[in-house]
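Input: a single structure, listed below in structure tokens.
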Amino acid sequence: MRVHKLVVLLAVAAFLSACTGQSAEEQIYEHLEKAVTLEDAFREQQQPMVDLETEEQQLYEEIINLNMDQFDEIQEKSKQAASIVEKRREKLELEKESIDTAKEEFDKIEPLIEDLDEENAEAKEKAEQLVETMDARNDSYQNLYKAYDEALTLDAKLYEMMQNEDLTEEQLQEQIDKVNQKYNEVIEHNETFNKHTEEYNTLKKELYEAMELDVTYEEQAESSTSEE
Numbered sequence: 001m002r003v004h005k006l007v008v009l010l011a012v013a014a015f016l017s018a019c020t021g022q023s024a025e026e027q028i029y030e031h032l033e034k035a036v037t038l039e040d041a042f043r044e045q046q047q048p049m050v051d052l053e054t055e056e057q058q059l060y061e062e063i064i065n066l067n068m069d070q071f072d073e074i075q076e077k078s079k080q081a082a083s084i085v086e087k088r089r090e091k092l093e094l095e096k097e098s099i100d101t102a103k104e105e106f107d108k109i110e111p112l113i114e115d116l117d118e119e120n121a122e123a124k125e126k127a128e129q130l131v132e133t134m135d136a137r138n139d140s141y142q143n144l145y146k147a148y149d150e151a152l153t154l155d156a157k158l159y160e161m162m163q164n165e166d167l168t169e170e171q172l173q174e175q176i177d178k179v180n181q182k183y184n185e186v187i188e189h190n191e192t193f194n195k196h197t198e199e200y201n202t203l204k205k206e207l208y209e210a211m212e213l214d215v216t217y218e219e220q221a222e223s224s225t226s227e228e
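Take the sequence shown: its position 174, counting from 1, is numbered 174 in my numbering, and each next residue is one higher.
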């Protein structure tokens, strides 16, 4: 089953101000859109993770269809699957680094909110709501990352156990149950992440409208991370 992640929309603004210095609105816009760009690496990890998960799933199915007379083959395929788990973990770390860096850029708008035009209370309110929503989105991603990382650890343990000739069916099933339970947590955190991302995208549009920015939006393809 594949876990889908919504991405933040990229906006392009046409600034009509003739001022020599940047307004608070323009600075906020630039930080927000740079944050979107910094999530590019997050998006770039998605298809490779899907491909790795598919390769691992194929190996897993091959392993469980082998019998103990083919234990050497079970060991070899289990080692290959464990190696793929570590490659998935590497992609996950790159994804997290991208999200964290983008959040640091986003946080630069907070001191600018107070500089918004005093007459534009709506823009200030939308900006404050955007900060709250991004904080919630980031928290949900951190929970998603933690659960996914723990799931990978359980996957690795499963393949390690499969290399033990004395492994019992009961022990194997117990570990598989742990893996499945953890991926259920991943799905739950992912749904929360998606919800906050949708809210963020909507609020960002509303903020740009309140700040009277002339923007167009570039469609970003939906990304996905997979799990067994």
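Even glycine gets a Cβ: it sits at the ideal position worked out from N, Cα and C.
So what does DSSP say about residue i, is it helix, strand or coil?
i	result
residue 12	strand
residue 86	helix
residue 215	strand
residue 67	coil
residue 234	Because the chain is modelled from 1 through 228, residue 234 falls outside the range shown and cannot be assessed.
residue 98	helix
residue 168	coil
In whole angstroms, give me the CA-to-CA distance for residue i and residue j.
i	j	result
residue 198	residue 27	23 Å
residue 228	residue 66	Residue placement at residue 228 cannot be trusted, given a pLDDT of 40 that sits under 50; what the coordinates show is reported in the next sentence. Each residue's alpha carbon lies about 19 Å from the other.
residue 56	residue 124	48 Å
residue 137	residue 94	18 Å
residue 131	residue 107	8 Å
residue 144	residue 100	13 Å
residue 22	residue 216	20 Å
residue 113	residue 175	50 Å
residue 76	residue 68	13 Å
Only counting the same chain, and skipping five residues up and downstream in sequence, which positions put a Cβ closer than 7 Å to that of residue i?
i	result
residue 82	156, 159, 160
residue 80	59
Determine the burial state of residue i: buried for a count of at least 16 other Cβ atoms within 10 Å of its Cβ, exposed for fewer.
i	result
residue 133	buried
residue 63	buried
residue 109	buried
residue 184	exposed
residue 36	buried
Between residue i and the rest of its own chain, which residues show a CB-CB distance below 8 Å, the 5 nearest in sequence each way excluded?
i	result
residue 89	149, 152
Assuming residue i contacts residue j (C-beta within less than 8 Å), just tell me the rounded distance between them.
i	j	result
residue 48	residue 96	Not really, about 15 Å apart at Cβ, beyond 8 Å.
residue 9	residue 180	Rounded, the Cβ-Cβ distance is 34 Å, inconsistent with contact.
residue 84	residue 38	Actually they do not touch by this definition, with Cβ atoms about 28 Å apart.
Sorted by chain position, which residues of the same chain lie with C-beta nearer than 6 Å to residue i's C-beta, five sequence neighbours on each side aside?
i	result
residue 25	211
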